[in-house]
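Inspection log for the structure reproduced underneath, given as structure tokens.
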Amino acid sequence: MKRITVGSLFGLATVVLLIGTLASPALVSNALATPPAKEVAILVHGWQGWNLLNPSGRSCGESPIRADRNLAQQEFADIGAYLVDAGYEVYLASWETRPGYTMRAEEAAAKCLAPQIAAVAGGDRDGKVLLVAHSMGGVVSRAYIEDTQNPPVEALITLGTPHVGVNFASLIKVILLLNPGTRLLVEQLCASDPGLCQLGSDQMLLFNTVYHPTGVPYLFVGGYGGPVYMAFLNFTEGRNDGIVGYRSGVGYLYNPVSDIPFIGRPLRNDTLIVSGGDITRRFTNAAHVSFFETGTKRWFFADPATKSCVEGFVAGIESGTTAYRNTCLSHSRPPSLLAAEQSPVSFTPVVATTLAAGETFTAPIVLDGNAGEILLGWNDGDLALTLIAPDGRAITPANLAQELPGSVYLIDPVNGLITYRLTNPPAGEWTAVVTAGPATTTAEVTLVAAMQSPLQLFLDLPSSVAIGEPFTLTARLVQAATLAEATAVSASLLTPQGVQTVDLVRMAAGEYRGQLIAPAAAGPYVISVSASGATFSRQLEALLTVRTPGLERHGSTATNTPDWDRNGKYERLQIHATYQVAAADQYAVMATLQDADGRAMMITRTTVEWAAGANPLLVEFNGGEIASTGVNGPYRVVTQIVRVSDGALMADEQPLIDGLDYLASDFETGPSSLQVFIPMLQR
């Protein structure tokens, strides 16, 4: 990763906000005797945020845009307005994110956020700005802060930021619904839209391998006021703000139904990923973006506890007091969990088309009688969706409650989204009838169904492969823990050389296997798998990461278990290995301690400076944390090594070492700092 030098010239776009006189007594604590003459804050927008405010052709190397209270409200709801009303001078900037293309966070930080901070930091009384970021803007902000020596930033507040990412299969569906017409781009998503691809949970694990909080105080705010438009997110993200799980929003990894690439399935429900530094975490009943706000609170004023937390945080940063922490930490977790969390969710194949005024499109959708939702997204005009049940009944918004009691119809005509939430729909083949109204010119349309179904499609593939390496992928169909049969299963992978498609061969009941060739260029790629049978159809997307060459493990791997106080208990589990490196660089290492079933017990990270040639690696796990899990061996350790200069995955050891035959009681007992969701200030 290239170190950012504040004041250098970069190109492209981000969001900046200047803070003026702190005139509001509600904001300034009693400990702050004299309001500062001028403070500068930077508002950093998220994915496709502030599109209307970013003039075409504008470079983010230019000075930030002066904003009034109305412009500040669009993405940050009333936080922006609050700052203006409190006397702040508000400026907006933008980084490049639009339908079809989003910069990676590291690039946006270097080319966009850095020059805009440099443009206004000199106007701050102490030369340090306050960052307030929404969604992916928080990832961009972290990339800037955590890769800049002595960054001119006094604090960062993030709202709905996917610090640990979003389940990739669900993320794909969200994007297709919010950006209809991109179906043909899904397989090449990571090449055409690298920043969006980065928001998947596995790629964010690699991001968090490289980036670590420093001494800049952070306030992470996660939302759980997600709407019912895309309720399938409840099952992959847990409680969420409509896109981002509240756990990811405060730096924790949610334990989903399936494994997490690279590390395996977490042993416990909440694993702390973003740790260290000075982090305050809290939740709020808020939704991710403005069109999701119906029936939920906004990020700030509508939630008095969040308002008090943010006000206290800002005042505390200025005055050097920490009283705000008690207010913020008392709301670090929603009062109760969603009952349906971790229930499985399945998707039907995505259907995409275009419609003009007066045109009608029909598509079959096979439902299995379980609760689910049929979703329609479009980007122009007015569309209507009617459902034809297997018995021929027409289901419309007008008769839905009568025909299917407990079901719900929702429409957002402004943003183009319809959801039929169906309670126990009749099993069989349904027909979706989509009609374009007179206001439609050319509408791109996406249609998909999500079901809380016991029939699940799983995909087993390597978490990473070498360039040009043949690899095997296995699809499994599971019906309530019993393997199920399909009539056709296929997989596709788009590479720079073209699309590879393979029909998977039945190996055993419910198990289908095939082989593909890894692309000739390193990086993440989307694999799409489809399976169909007489009474079902399923589709699943996953990421395959192609490693960058230039690093290999040499020789054997050794372990060491020091007993420093000589009481017969081990304080550390240490792993020693040697790596041959082609080029000198900084390398970030993530190591996961797994149990015998491959469940992730602990995660540790370190950064090393390696010269070209042979270099030693030491990985350590805290003995007290091993003891606190209560899980006995044999253990195994898996390791990923990422080149810091460009975020390239260089090594993916599955495993680095195996068969470590220890008991949890062999290690020193002590408090756990990684596995249990105990919201606490990290310093």
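If you count the sequence shown from 1, position 3 lands on 3 in UniProt numbering, and the numbers rise without skipping.
From the three backbone atoms N, C-alpha and C, an ideal C-beta is built for every residue, glycine too.
Keep in mind it's a predicted model, so treat the numbers as computed, not measured.
7 Å CB neighbourhood of A484 in its chain, flanking five on each side removed: Counting only Cβ-Cβ distances below 7 Å, and skipping sequence neighbours, we find L455, L477, V478 and G510.
Please classify D666: does DSSP put it in a helix, a strand, or coil? Looking at D666 - three-state DSSP - the assignment turns out to be helix.
Uninterrupted beta strand (DSSP E) stretches inside the stretch 385–463 (no shorter than 3 residues): Entirely contained in the stretch 385–463, the beta strand (DSSP E) runs reaching 3 residues are, in chain order, 408–412, 417–422, 428–436, 443–451 and 455–460.
Rounded to whole angstroms, what's the CA-CA distance from L573 to V631? Just pull it up for me. Rounded to the nearest whole angstrom, the C-alpha separation of L573 and V631 is 14 Å.
Mind checking which residues open and close the beta strand (DSSP E) that includes R605? Where R605 is concerned, the enclosing beta strand (DSSP E) stretches over A600 to W610.
My output table needs one value for R643: the three-state DSSP class, helix, strand or coil. R643: strand per DSSP, three-state reduction.
Tell me which residues share the same chain as A143 and place their Cβ nearer than 7 Å to its Cβ, disregarding the 5 neighbours each side in the sequence. Closer than 7 Å at Cβ, skipping near neighbours: A105, E106, A109 and Y211.
Less than 8 Å between the beta carbons of Y635 and D666, yes or no? No, they are not a contact pair.
Answer yes or no: the CB of D202 versus the heavy atoms of the ligand NAD, is any distance below 7 Å? The ligand content of the structure shown is nil, which means the ligand NAD is not present either.
Buried or exposed by the 16-neighbour rule on C-beta atoms within 10 Å, applied to V505: By the Cβ neighbour-count rule, V505 is exposed, with fewer than 16 other Cβ atoms within 10 Å of its own.
Can you name the start and end residues of the alpha helix (DSSP H) that A191 belongs to? Element bounds for A191: L189 to S192.
Could you spell out the range, first to last residue, of the beta strand (DSSP E) harbouring E511? According to the DSSP assignment, E511 belongs to the beta strand (DSSP E) that extends over E511 to I517.
Does the Cβ of E154 have 16 or more other Cβ atoms within 10 Å, making it buried, or fewer, making it exposed? Buried, because 16 or more other Cβ atoms sit within 10 Å of the Cβ of E154.
Would the beta-carbon of T386 fall within 8 Å of that of G406? Contact: no.
Alpha-carbon spacing of Q539 relative to V221, whole angstroms: Roughly 33 Å separates the two Cα atoms.
Rounded straight-line distance, which links the Cα of G598 to that of G264: Between G264 and G598, the C-alpha separation is close to 6 Å.
In chain order, what residues of the same chain lie with their CB nearer than 6 Å to the CB of L52, ignoring the 5 residues before and after it? Low local confidence applies: a pLDDT of 48 at L52 is under 50, so the model's placement there is unreliable, and no value is given.
Sequence-distant residues of its chain with Cβ nearer than 6 Å to Q640 (five each side left out): Hits under 6 Å: F262, M590 and D652.
Straight-line CA distance for E39 to G568? When rounded, the distance between both Cα atoms is 56 Å.
Where does G621 sit, in a helix, a strand or coil, going by DSSP? Position check: residue 621 holds Phe in this sequence, whereas Gly was assumed. Here DSSP, grouped into helix, strand and coil, assigns F621 to strand.
Determine the contact status of A450 and T362, defining contact as a CB-CB distance below 8 Å. Judged by beta-carbon spacing, T362 lies beyond the 8 Å limit of A450, meaning their Cβ atoms are not closer than that value.
Should L171 and G377 be called a contact, given that it needs their Cβ atoms to be closer than 8 Å? L171 places its beta carbon 8 Å or farther from that of G377.
Contact the stretch 456–473 vs the stretch 395–412: 3+ CB pairs below 8 Å: Flag = no, the stretch 456–473 and the stretch 395–412 do not touch.
Answer yes or no: do G100 and S248 have a C-beta to C-beta separation smaller than 8 Å? No, Cβ-Cβ distance for G100 and S248 is not below 8 Å.
Q149 burial status per 10 Å Cβ neighbour count (16 or more: buried): Q149 counts as exposed, since fewer than 16 other C-beta atoms from the protein chains shown sit within 10 angstroms of its C-beta.
For A231, collect the residues of the same chain with a Cβ closer than 7 Å to its Cβ; drop the 5 residues on either side in sequence, then sort them by chain order. Closer than 7 Å at Cβ, skipping near neighbours: E373 and R421.
Would you mind giving the Cβ-Cβ distance between I79 and F313, rounded to the nearest angstrom? I have them listed as a contact below 8 Å. Between F313 and I79 the Cβ distance is about 12 Å, and since that is not below 8 Å, they are no contact.
Between which residues of its own chain and L473 is the CB-CB distance below 8 Å, once the five residues before and five after are set aside? Cβ within range, chain order: L459, D460, L461, A491, L504, R513, G514, Q515, L516, I527 and V529.
Express the C-alpha separation of N285 and N326 in angstroms, rounding to a whole number. When rounded, the distance between both Cα atoms is 19 Å.
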